[in-house]
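J.: What follows is a single structure, and I will ask about it in a moment.
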Amino acid sequence: DTMVLRSVPLLDQAAIDAVKQWGYEPMIVEGKAVPVVFTVTVRFQLK
Numbered sequence: 328d329t330m331v332l333r334s335v336p337l338l339d340q341a342a343i344d345a346v347k348q349w350g351y352e353p354m355i356v357e358g359k360a361v362p363v364v365f366t367v368t369v370r371f372q373l374k
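Sequential numbering of the sequence shown, starting at 328, is according to our numbering.
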């Protein structure tokens, strides 16, 4: 699941859309995939 922790309303959906396009590999512990929670900062530069 993806959620916004610090909101800039005009950019929230763009940040969510960008993150959902990224590829992820599962974390492996003792040969098994385990659930992980992590935070990603998405920075925008407006021109």
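The C-beta atom is built at its ideal place from N, Cα and C for all residues, glycine as well.
Which first and last residues belong to the alpha helix (DSSP H) in which lysine 347 is found?
T.: 339-348
J.: Is lysine 374 helix, strand or coil when you go by DSSP?
T.: coil
J.: Roughly how many angstroms lie between the CA atoms of isoleucine 368 and alanine 345, to the nearest whole one?
T.: Checking the sequence, you will find threonine at residue 368 rather than isoleucine. C-alpha of threonine 368 to C-alpha of alanine 345: approximately 11 Å in a straight line.
J.: Provide the residue span of the beta strand (DSSP E) that contains valine 356, from first to last.
T.: 354-356
J.: Roughly how many angstroms separate the alpha carbons of lysine 347 and glutamine 340, rounded to a whole number?
T.: 11 Å
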